[in-house]
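Enquirer:
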Amino acid sequence: MHGLVNRALQSFVCNTYGQDRWKRMLDAAGLGQVEFEAMFTYEDRITEKLLAALATELDRPLDDILEDVGTYLVSHPELERLRRLLRFGGETYPDFLHSLDDLPDRARLAVPDLDLPTLELREYTNGDYCLNCGLGLPGFTYTLMGILRAMADDYGALVLLDYLGGSERCEQISISVIQSAFSEGRTFELGASHG
Amino acid sequence: MIDLGQLKDVIEKLCPMAIWVDRCGHIRHVGPTLQKVCPETEFVGHRALEFFRVIRPRSVLTMQDLAKTSGSKLHMQMRMPPGITLKGVFVELPDDAGAIINLSFGISVFDAVRDFSLSSKDFAPTDQTIELLYLMESKSAAMEASRSLNVRLQGAMIAAEEQAFTDTLTGLKNRRAVNHVLHRLTAVQRPYSLLHLDLDYFKDVNDTLGHAAGDHVLQYVARIMVDETREGDTVARIGGDEFVLIFDGLTDRGQLGSIARRLIDRLEQPITYGGQTCTISASVGIAISAEVRYLPVPGQAPDGSVAEVKDGADRADFNAILNFADVALYEAKRAGRGCFRFFSPDMLVSGASAFMPRVLVNRRQAGDGA
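Line order of the protein sequences matches chains A and B. For the first sequence, the residue numbers in our numbering are 839 to 1033. For the second sequence, the residue numbers in our numbering are 471 to 840.
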């Protein structure tokens, strides 16, 4: 598993629930007091143990937690970078949704060994969409739902998201954009902080 | 036929940084992004070259010069604020409609986007600038993560090196490892012997053939010593051309003597390096744990006199054996090099005045390296 995934979980738990609970989780998972490096690769079973310990420690369904992780990744002030990179996807929330098909390739441009599942957006009438998420990264679809929810706030769009379930080929999220410019959203300057 | 109003719309959509000039070089229209960069400037009706200077090619000073560059790349600079440099191309329009000078930010696009708060609407939909910005930003994020990882890894590497037991040049053990092994052997009171080997004439190799030759010789010598010892023995390089061999459980003088002789004989074989031949030799001092255990240790008294150290202290034991091997080594050197000597207590008396300073220096180094 790419270190970014473990690092994201570490960052989420530490910033949301505190260092102590993170340490307790590591102990429960039998991993020792490890500091995850975003640029390393870890064995998949480490991530599996982490996720199991996360659900036990927080006493909540893993799917819910992963959705929170997605929201956290986009909305936490310390992680401004990811939000910005996603905002490059388009001027409006529907533009952003259409850019999701390119997301795995865009991610690879930044981090060549990060393999995200394929994404495919279908557009129906009246602002209804269906997003097909490829398999291969367990829990990714729920994390993505959290990201989509937080990005809607970022764009100031009013949307409804629903997990439609999975098949052996993909998992599906339905997205209804009720109002694309519902609120101000957060500002995005193309050239805010390079260098 | 397209009318001029339609043409203006087409230019705006495709080239939001374009200047449309008439036949004489007067501006008819500028694209919205260019106007956004220079909000104060009234372009229309003025000559384009009043606002822009062509830096390269240098010969372009008039509208006629500009027309001759048609289709090729221009480097231009704004004469008014913000004074930025731009890339441009001049293309003539048919039917006496004038010409288009299309401009772009070139490599300064990163600053321009920030300084003028440009958004994706300010670029043509097919323009690659947004992708370029995305790439720049994602790569600098990845680079920063990489750099901070490198800093952490470098710290870890330095810490690891400080704790290392290996001499990086030869792959042998180092002084730290020798201390560790001696500490272990004395703690469990195992009988062992220590052989202190110093290369003779090595300095000549370094001086005449250079450090690369010196390094080659050290690596070659290291291989011989590993060859001539058993797997469980310790072979260490503890200084420039000083080596220590520790034989766990081996205290037989006959065996030790023949090992030392074989080592010296093999080291005296000429070594070739880059077509040159290096000839070295070695002197060896040997001390055996049981024989030195309760002897007084040469102390650190400033007058060079031998100070008594209490028996039984492990640390004193293994410092002692290093010192006694060193004393024997000195005797071997004095006997004309290329030979070995076993330590014997009378060496402490006979050669005291001659060898003590060296012993003291070595002792201090050994202590520092611990």
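Ideal Cβ placement from N, Cα and C applies to all residues, glycine included. Since the model is a prediction, treat every value here as computed from it, not as a measurement.
Rounding to the nearest angstrom, what Cα-Cα distance links residue 773 of chain B and residue 696 of chain B in this structure?
Expert: Residue confidence for residue 773 of chain B is low, a pLDDT of 42 falling below 50, so the modelled location carries little weight and cannot support an answer.
Enquirer: State the beta-bridge partners of residue 534 of chain B as determined by DSSP.
Expert: Beta-bridge pairing links residue 534 of chain B to no other residue.
Enquirer: Which residues in chain B sit within 8 Å of residue 1022 of chain A, going by Cβ to Cβ distance?
Expert: Result: empty, since nearest Cβ-Cβ is about 16 Å, beyond 8 Å.
Enquirer: Please list the partners that residue 877 of chain A has in chain B, where partner means a Cβ-to-Cβ separation under 7 Å.
Expert: Going along chain B in sequence order, the residues near residue 877 of chain A (Cβ under 7 Å) are 615, 616 and 619.
Enquirer: Please work out which residues of its chain come closer than 8 Å, Cβ to Cβ, to residue 543 of chain B, disregarding the five sequence neighbours upstream and downstream, and give them in chain order.
Expert: Contacts found: 557, 558 and 559.
Enquirer: Classify residue 807 of chain B as helix, strand or coil using the three-state DSSP reduction.
Expert: Three-state result, residue 807 of chain B: coil.
Enquirer: What does the alpha-carbon distance come out to for the pair residue 783 of chain B and residue 652 of chain B?
Expert: In this predicted model, residue 783 of chain B has a pLDDT of only 46, less than 50, meaning its place in the structure is not dependable; the value taken from the coordinates is given anyway. Cα-Cα distance, rounded: 13 Å.
Enquirer: Specify the secondary structure class of residue 854 of chain A as computed by DSSP and reduced to three states.
Expert: In the structure shown, residue 854 of chain A sits in a helix (DSSP, three-state: H, G or I).
Enquirer: Which chain B residues are close to residue 948 of chain A, counting only those with a beta carbon under 9 Å from its beta carbon?
Expert: Going along chain B in sequence order, the residues near residue 948 of chain A (Cβ under 9 Å) are 604, 605, 607, 608, 609, 611 and 612.
Enquirer: Determine the DSSP secondary structure at residue 759 of chain B, reduced to helix, strand or coil.
Expert: Reduced to three states, the DSSP call for residue 759 of chain B is helix.
Enquirer: Excluding the 5 residues preceding and the 5 following residue 683 of chain B in the sequence, name in chain order all residues of the same chain whose CB lies nearer than 8 Å to its CB.
Expert: Hits under 8 Å: 675, 676, 743, 744, 746 and 748.
Enquirer: Output the boundary residues of the alpha helix (DSSP H) element that contains residue 901 of chain A.
Expert: Per DSSP, residue 901 of chain A belongs to the alpha helix (DSSP H) from 900-913.
Enquirer: Is the region 719-735 of chain B in contact with the region 661-669 of chain B, if contact means three or more CB pairs nearer than 8 Å?
Expert: Because the criterion of three Cβ pairs below 8 Å is met, the region 719-735 of chain B and the region 661-669 of chain B touch.
Enquirer: Beta-carbon within less than 6 Å of residue 1016 of chain A's beta-carbon, same chain only, minus the 5 sequence neighbours each way: which residues are those?
Expert: For residue 1016 of chain A, where only same-chain residues beyond five positions count, the Cβ hits under 6 Å are 996.
Enquirer: Is the beta carbon of residue 966 of chain A less than 9 Å from the beta carbon of residue 1012 of chain A?
Expert: Yes.
Enquirer: I'd like the list of long-range same chain contacts for residue 475 of chain B, defined as Cβ closer than 6 Å, with 5 residues on each side in sequence excluded.
Expert: Answer for residue 475 of chain B: no residue qualifies.
Enquirer: Where do the N-terminal and C-terminal ends of the alpha helix (DSSP H) with residue 701 of chain B fall, by residue?
Expert: Counting along the chain, residue 701 of chain B falls outside any alpha helix (DSSP H), and DSSP gives it neither H nor E.
Enquirer: Is the distance from the Cβ of residue 842 of chain A to the Cβ of residue 912 of chain A below 9 Å?
Expert: Taking 9 Å as the Cβ cut-off, residue 842 of chain A and residue 912 of chain A do not qualify as a contacting pair.
Enquirer: Suppose you measure from the CA of residue 627 of chain B to the CA of residue 617 of chain B; what does that come to, to the nearest Å?
Expert: When rounded, the distance between both Cα atoms is 15 Å.
Enquirer: Within its chain, find whatever has a CB closer than 7 Å to the CB of residue 550 of chain B; leave out the 5 residues flanking it on each side and keep chain order.
Expert: Result list for residue 550 of chain B: 508, 511 and 521, in chain order.
Enquirer: Spell out a yes or no on whether the region 979-991 of chain A and the region 903-910 of chain A are touching, meaning 3 or more CB-CB pairs, one atom from each, closer than 8 Å.
Expert: Because the criterion of three Cβ pairs below 8 Å is met, the region 979-991 of chain A and the region 903-910 of chain A touch.
Enquirer: Quick one: does residue 588 of chain B have its CB under 9 Å from some CB of chain A?
Expert: Yes, because at least one Cβ of chain A sits closer than 9 Å to the Cβ of residue 588 of chain B.
Enquirer: Determine, using beta carbons only, whether residue 847 of chain A and residue 889 of chain A come nearer to each other than 9 Å.
Expert: Closer than 9 Å, so yes.
Enquirer: For residue 491 of chain B, count neighbouring C-beta atoms within 10 Å of its own C-beta (all shown protein chains included) and say buried if the count is 16 or more, exposed if not.
Expert: That one is buried.
Enquirer: Return helix, strand or coil for residue 588 of chain B, following the three-state DSSP convention.
Expert: Residue 588 of chain B falls in the coil class under three-state DSSP.
Enquirer: Whole alpha helix (DSSP H) runs in the region 939-998 of chain A with 4 or more residues, listed along the chain?
Expert: You should have 941-948 and 978-993.
Enquirer: Hey, does residue 944 of chain A have any beta-carbon neighbour from chain B nearer than 9 Å?
Expert: So yes, residue 944 of chain A belongs to the interface.
Enquirer: At a CB distance below 7 Å, what residues from the region 896-927 of chain A approach chain B? Give them in sequence order.
Expert: Listed by position, the residues of the region 896-927 of chain A near chain B (Cβ gap below 7 Å) are 919, 922, 923 and 926.
Enquirer: With the cut-off set at 9 Å, would you say residue 603 of chain B and residue 506 of chain B are in Cβ contact?
Expert: The answer is no: Cβ separation not under 9 Å.
Enquirer: Of all Cβ atoms in chain A, is any one closer than 9 Å to the Cβ of residue 583 of chain B?
Expert: Taking Cβ atoms only, chain A reaches closer than 9 Å to residue 583 of chain B, which makes this a yes.
Enquirer: So the candidates are A:975, A:945, A:991 and A:974; which of them puts its Cα closest to the Cα of residue 601 of chain B?
Expert: With distances taken between Cα atoms, residue 601 of chain B lies closest to A:945.
Enquirer: If you scan the region 870-903 of chain A from start to end, which runs of the alpha helix (DSSP H) of 4 or more residues do you find wholly inside it?
Expert: Fully enclosed alpha helix (DSSP H) runs of 4 or longer: 882-896.
Enquirer: So what's residue 654 of chain B in DSSP terms, helix, strand or just coil?
Expert: Here residue 654 of chain B sits in helix by DSSP.
Enquirer: Just reading off the alpha helix (DSSP H) that residue 609 of chain B is part of, what are its end residues?
Expert: Segment 599-632, the alpha helix (DSSP H) holding residue 609 of chain B.
Enquirer: So with CB distances below 7 Å, who are the chain B contacts of residue 1006 of chain A?
Expert: In chain order: nothing, as chain B lies at least about 33 Å away.
Enquirer: Taking CB distances under 9 Å as the criterion, tell me whether residue 628 of chain B reaches chain A.
Expert: It does not: the Cβ of residue 628 of chain B has no partner Cβ on chain A nearer than 9 Å.
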